[in-house]
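Numbering (the numbering used here), first residue to last: 8 to 1109.
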Amino acid sequence: MENQPKKRRRVERGRSKNGCLTCVTKRVKCDEKRPDCARCVRLGLECLWVREQVSLASRRRGLGPIKERGSWEPPPIVPKGQEPEPSPELQLSTPSEDGVQLPETLEADNSLNVSHDDGTDDTAVIQFSQDDGVLSADNASVIEGLALPEDVNSLAIPEFDQSNFNHTLILFPTPSFNLLSILPSYSFTHPPSAAPSIGSNDVQAMTFHSTILASMKSTRRASLSSHSIFLNFAVQNPMALHFLLAFSHSELAIHHGFSHKPPMESQLHFQQGSALFNQALVNLTPTDHVTMMLSFLYLYMFWMRRDPFDVARLGELSCSALAYVTMFSLDEMCAGSQAGSESSTLARILTYIYDRDVFCGFFGCGEKFAGYVNEKHETRERIWQLSRMPVLAEHVPDTGQRRIVNVYFSLITIQYEINQYSQSSGRMPGKWLEMKRKLDKIREEHSWLFILSQQSTPNPPLMALVTVTILHALIIYLYRSRDSAFGETPVPPEVETALTDLVAVAYHTITIGPVQLLERFQWALLIAGIETHDPIHRDWISASISDPVIKSIYDHVLAAKGMSDTVSMETINHMMEKVHQDAKEPSLQGTDTVAMDSLSLEDEKKLVRKIDLRLMPLLIISYGLQYLDKTSLAYSAILGLREDLHLVGQQFSWASSVFYIGYLVASYPISLGFVKFPLGKYLSVLMFIWGVILTLHSVANSFASLMVLRFLLGVFESAISPGFSLITGMWYTPHEHVSRHSFWFAGNASASMVGAMIAYGILGYTGPIKQWKMLFLIFGLITIAWSVLTFFLLPDSPSTARFLSTSEREFASLRPKKFQRTTQTKKWDRDQFIETMKDVKAWWFFIFSFVICVPNGGTTSFSTIVIKSFGYDEHQTILMGLPASAFQLTTVILVAVFTTYVRKSRHIALVLTYIMAIAGILMIKLLPNAEKLARLAGFWLIMAVAPAFPLMLSLSASNIAGFTKKSTVMAMIFLGYCAGNLSGPQFFISTEAPHYHTAYTTILACFAITIALVVVMYFYLAWENSRRDNEQGEKRDPEESRRVDLGADGTLLDVDETDMQNRNFRYILSAGLYRFIVTLVRERHPPYLSAKVSICGEFLAL
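Spelled out as C-alpha cells, the structure:
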C-alpha cells in the first residue's frame, strides 16, 4: 500500500471555450466531440463548429480585409456551386453599327455555363440553337421540370406597334372599386423607352433567369431559391410569363454591359403583359391571385432596375398592390389558410413585395403597401410563417437557415420604422430609443449570428453574412436618420464600430458568394460608402456596388455631400426627386450637367442676379466690418490712445504688426474649420468672437494688454479673406471671379468712409468714457449684431441655400464646374505639393503678395498720422480721409467693370493702377511741406492700388489648377500677405516723423517692383502658352481650354489635374484690350486707322 503512487487530485476546470458554437452561445459545457457533441445530439440541436483562431503572430503577417489590397477586384458573377473560372458569359453577337441587333444574327455556338441543381461540381453547358423556339437536347437536362409552354416565343409580338406606346393603360377602371378612385394614375403599366435589340430570344432569357439570375438574387442555390418557385407558377400563365420575360431580357442586357434601358425584346413583352394585366382587371375575374401578385412582384423588380430610380412609378405600384390586396383580402386569406403549395407561394410573394416596398421607402417612394402590412402585426407574422413553409420536400431549410431568415424579417420591419422616422416632420418622442432597443435586442439574442459571420468560420451561410451586414447598416442608418447627417463628425462610437464591422463582413461576404444582385446587400454598401471618410474604403465600395441603379444613386449622393462631406436624409430625398424630375423633363434628360447646360442664358442671368442680391451685400458688409475693426487702431491714434496707454517709440508700430502675427499663426488651424464645419455658420461664429475681442479693446490699460487683444483679433480675422475667396469660387465661374472679388473687397473702402464719419462724430463726444474707448465699443457691438444676422442669412453652400429652389440649387452647384478640372477633395496630393514648390508661378504669387502688402501695412495703420503730418488738425485729418476712401472705392469698382467687360485685362489693370500710385508717392515725397493739399492728393492717389489684392487672388484662381496645388499657393499668398503687412509699419520710424523718408522710399520701391513683377509674369505665361501651342500644333484660347463638357464626360467631375499636368491648359494673359480696341476700330472707323490703333493696343498689352 505504501508503494502505490498517490492518486492525482482532480483539477476543476472552467467550461471549455473551444466547444461547438451552440454550446458556447448557451455558455454550457461541451464534450467537444466532432462532428456532433453529446449535448446537441441529446437535445436534437444543430451542432455548429468554428475554426480555431489563428495565432496572433500569423494574423499579423496577413493583411486587413481591404487595406493595402489595391489590386483586388470583385469576383465574377457566377451561379452557386460553380468555380469562378471560367467566367460565365453569354456570348452575344456585337451590335451592328446602327445599334440594332436582330435575333437571327446570333452565333450558333453561343453557350452559357451553369451548375447542376444537385450541387455537384460538374458543369453543364446550355446550347442555344438558332431556332428561337426549340430547346436543344443538351438543354433538356438543365431545365428539366420547368413547365414551359409548348412555344415560348409565341408570346412575343412579332411586329412593333409604336402607336400603342403612346397610350397609358388605365388600371382598375371599374367604378365598383371605390378604394381605387382616390389613387393616382397607373403609369407603371406604360412601357418605358426601349434600347436596341441585343439579339437574345425568350429561351435564352428564361434559361438565364432560372440558372444565373435566380442564383444571384438569392443566398441559396438556384433550384432552391424563391425565384425558381415563382418561375414554376409564372410559366403557367401568359400574363406573369410576359412580365417575367420583360424582366429577364432587361437583366440579360444589364448583365452583359448594354444600356440600362430595357432592350426591344423586353419592351415588347412588357407591352403585352400590361395589356393582359389591364384585361384581367376589367373582366373582374382575377381568381388566380398568385398570378396577379407575381405580376406585381415582377413589375417591382423591373422598375427597381431602371436608372434613374423612378420614384413616381414605384409609388403608384405600391398603391396598386395595396388596393388589390385589400380588395380581395389576400392578407386575411393567407393568414387564415392552411399550409399548402398555393397559399405558401402567395404568402411568399406578399413577403417579397413587402421587402421591396420597404427597400424603396429609403429613397422616398412606395411604402403604402408596407405600411398597411406593418399595421397588422399578427397577420404579418402569420404570413411570414406561412411564407417559410416549404413548397416541395426538397425545399425544407435546416434549423439554422430558418433562424437566420427570422432575424432577416425582423430587420426589414425595423428598417420600415426607421424610414418612417427619418421622413417624418413631426416629433416622435421615444421612437428612436425604441428602435435602438430592438436592434440591441437582436444583437444580444442572436449573438451566434455574429460568430457565424467571422472570417474564422468555415463555410458560413451566405444568408448569415448578408443579414449581419444589413444589421450594421441599419445601426448607421438609425443614428444618421434624422438628427445628424451621414459623415458628420464627431462620429458616435456605435456608428464607428458598426461601420468597421460592416466593411469587414461585406468584404468577407463578397469573397464567398455572388451577392451582386441582392438589393439589400447593395444598399448596405451604399450606407457604408456615404458614411465613411476613408478613401480606400470608398473606392472599394464604389467598385463593389454592381447594381447600376444603386451605383448611380451612390454617385449622386457623393456629389451632394459637397465640400462638407456630409449629407442628410432630407438631402437624399430631395436629390432623388430632382433626379427623377430631370429624367421626366425632355430639356433636362441625361445627367445633371446636361440639365445645367440646357438652362437658357436669360435664366442663368436671372439666377446669378438672385445670387448676387443675396451674397454680395453680406460679403461686402462683413468684409468692411473686418477692415473697420482692423484699422480702428488708426482712428484711435488721434483720439488719445497713444497718450492714455503711454505708447512710446515703435510700440504703436508693434501694436499694428502684432495683428498680422496672430493672422499668420492662426491661418492654418483656422482654415481647417472650412472642411469640418458649415462654411457660413463657421465664419459667422468667428465674426462674433472677433467682435467681442474688439469690444474688449475698450478695457485695455497698457501696452501689454493692447498687444494681447490685437494678437487675438488677428487670430480670428484670419479666416475672412480665404473664407470669402472660397465662397466666391463655390458660387461663381472664373470669368466672374474678378468682379465678385472686387465687389466684396470694395467693402474696405466703404467701411473706411463710414468709420471716418463715426470717428469724426466721436470727436465731439465729451462723456465719461474716453473717445477711443467709445470707438472700440461702437465698432465691436456693430460687428456682434451683424454676426448674428449672417448666421441665419449666409448660406453654407449652393446645395443648401434656402433662398434658391431645388433646381436652382443644383444648377448653382454645378455651374462653376464647367470651367475647371479641379475636384475638391480632402486627400493631400504629395506630388502636387512638390510640383508647387518647383513652380515659378507659385513663388511669384508669394513675392507679389509680400511686395504689395508692405505699403498696405504701413498706410493702413498710419493713414491718419500721415494726413495729420501734412499740417491738419484732428477734425480735418478725419475729414480728409473721406476722399481717399471714396477714391479707393471708385478705383475698385472701375477695375471690376473694366476687367469684366474687357476680357483678360487683369495685368493691364494692375500696371495702370500702380502707375497712378507711383505718381502719388512721388508727390508726397518730393513736394515741399507747404504744398500740403498737393501732397494730400498724392496720398489719395496711393489708394489706387486697392484692387491689387483681389486681382492677385483672381489670377491665382485662373492660372493655378489642382486642389492641393491651389491650396498650397493660397497658403503662400496669405503668408506673403501677413509678412508684408507685418513689415510695413516697421518702416514708419518714429524718429523720422513727420516726414518718414524711409517709409516713403520703401513704398516707392515696392510700387516699382510690382510693375516689374507683372511684366515678367506676363512674358513668362505668354512663353508657356506658346510652348504648349507648338507641342500640340494648335492655338488654344485660354478661357476655352479649361471649359469642361461635363455632359459628354461625367468622369471629369472627379478629375484633379494641375495646370502643369493638363497640357491643354492655357494661362490667361492681358491681350484682351488689344483685341477689344482692334475690333472696335474695324467696326466704326476706316481700315487705315486700324494699324495705328493696333500699335497702341500692342503697347497696352505689354
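Backbone N, C-alpha and C define an ideal beta-carbon position, used for all residues, glycine too.
Neighbourhood of residue i by C-beta distance below 6 Å, restricted to the same chain and skipping five residues each side
i: Ala951; result: Thr898, Thr920, Met923, Ala924
i: Phe981; result: Ser674
i: Arg747; result: Thr735, Tyr739
i: Ser990; result: Val861
i: His276; result: His249, Leu252, Ala253
i: Ile885; result: Ala763, Ala766, Tyr767
i: Lys932; result: Tyr1007
i: Gly730; result: Leu690
Own chain partners of residue i with C-beta closer than 7 Å, once the 5 adjacent residues on each side are dropped
i: Lys443; result: Leu485
i: Ala756; result: Ser892, Gln895, Leu896, Val899, Ala953
i: Ile534; result: Ala480, Ile483, Tyr484
i: Phe752; result: Tyr630, Val899, Phe956, Pro957
i: Cys27; result: Cys37, Cys44, Cys47, Cys54, Leu55, Trp56
i: Lys438; result: Tyr428
Residue i, DSSP secondary structure in three states
i: Val574; result: strand
i: Phe786; result: helix
i: Ala202; result: strand
i: Phe1072; result: coil
i: Phe369; result: coil
i: Phe1116; result: Residue 1116 is absent from the structure shown; the chain starts at 8 and stops at 1109.
i: Ser493; result: According to the sequence shown, residue 493 is Phe rather than Ser. Note: Phe493 maps to strand in three-state DSSP.
i: Tyr484; result: helix
i: Ala916; result: helix
i: Glu938; result: coil
i: Ser749; result: helix
i: Ile776; result: coil
i: Ala1000; result: coil
i: Lys383; result: coil
i: Lys911; result: coil
i: Met435; result: coil
i: Ser5; result: There is no way to answer for residue 5, as the model of the chain reaches only from 8 to 1109.
i: Ala953; result: coil
i: Thr539; result: coil
i: Gly983; result: helix
i: Ile900; result: helix
Own chain, CB closer than 8 Å to residue i, minus 5 neighbours either side, in chain order
i: Glu501; result: Ile482, Tyr486
i: Ala707; result: Leu652, Leu713, Leu716
i: Gln778; result: Leu646, Gly647, Ile769, Leu770, Tyr772
i: Met308; result: Phe254, Arg363
i: Leu934; result: Ala941, Arg942, Gly945
i: Trp310; result: Phe195, Asp317, Arg320, Leu321, Leu324
i: Ile791; result: Phe695, Gly698, Val699, Thr702
i: Thr358; result: Ile390, Trp391, Ser394, Phe416
Integer Cβ distance of residue i from residue j, believed to fall under 8 Å
i: Leu652; j: Leu703; result: Their Cβ separation, rounded to whole angstroms, is 14 Å, which puts Leu652 and Leu703 out of contact at 8 Å.
i: Pro476; j: Leu509; result: Note that residue 476 is Thr in the sequence shown, not Pro. So it is a contact: roughly 6 Å between Cβ atoms.
i: Met959; j: Ser856; result: 6 Å
i: Phe250; j: Gly206; result: Rounded, the Cβ-Cβ distance is 22 Å, inconsistent with contact.
i: Thr867; j: Ala1006; result: Incorrect: roughly 13 Å between the Cβ atoms, too far for contact.
i: Phe783; j: Ser639; result: 6 Å
i: Gly787; j: Leu701; result: 4 Å
i: Ala644; j: Thr871; result: 6 Å
i: Asp295; j: Asn244; result: 6 Å
CB contact below 7 Å: residue i versus chain C
i: Gln279; result: In the structure shown, chain C does not exist; there is a single protein chain.
Residue(s) in a DSSP beta bridge with residue i
i: Pro890; result: According to DSSP, which records beta bridges pairwise, Pro890 is partnered with nothing at all.
i: Pro270; result: Ala202
Fill in: beta strand (DSSP E) segments (min. 3 residues) lying fully within the segment 795-879
none
Worksheet item: Going along the chain, which unbroken runs of the alpha helix (DSSP H) with 4 or more residues stay wholly within the segment 635-660?
Response: 648-651
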